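In the numbering used here, the protein residues as written are 5 to 110.
Here a beta-carbon is modelled for each residue, glycine too, at the ideal position from N, C-alpha and C.
A quick note: this is a predicted structure, and the numbers were derived from the prediction, not measured.
Structure first, then comments.
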């Protein structure tokens, strides 16, 4: 699911681009909380969430049952998962995409 359509760099090459050192996303690391990310990058341009396959496993009480995506226009996406017990969101993945939301989102 990409808001920038089929023009995503990884869709063309099959590999994700590394986050350049000068990008604001370079300040984000896996394991950071959503509060840390918002402090460093500000509010996202678009927020989305979706369930993962783990949410359908009976009696599964672990993490990674839902993922949250924070889209930053012209920068990329920060993906979080939520701890089932504390509710804390932590960065799971950083996707650099300079074309993120170039079409206005959605």
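Residue nearest to residue i in terms of C-alpha spacing, selected from the options
i           : options         : result
residue 77  : 41, 25, 101, 22 : 101
residue 51  : 31, 106, 72, 86 : 72
residue 86  : 25, 53, 67      : 67
residue 103 : 83, 75, 88      : 75
Environment of residue i [buried if 16+ CB atoms lie within 10 Å]
i          : result
residue 48 : buried
residue 80 : buried
residue 60 : exposed
Cα-Cα separation between residue i and residue j, rounded to whole angstroms
i           : j          : result
residue 70  : residue 55 : 4 Å
residue 29  : residue 90 : 26 Å
residue 64  : residue 39 : 27 Å
residue 105 : residue 21 : 17 Å
residue 13  : residue 31 : Confidence at residue 13 is low in this model, with a pLDDT of 44, below 50, so the placement of that residue is unreliable and no value is reported for it.
residue 42  : residue 82 : 11 Å
Minimum Cβ-Cβ distance from residue i to chain B less than 7 Å
i          : result
residue 44 : The question asks about chain B, but that chain is absent: this structure has only one protein chain.
With three or more C-beta pairs closer than 8 Å as the rule, is the region 79–99 touching the region 29–48?
With three or more CB-CB distances shorter than 8 Å, the region 29–48 counts as touching the region 79–99.
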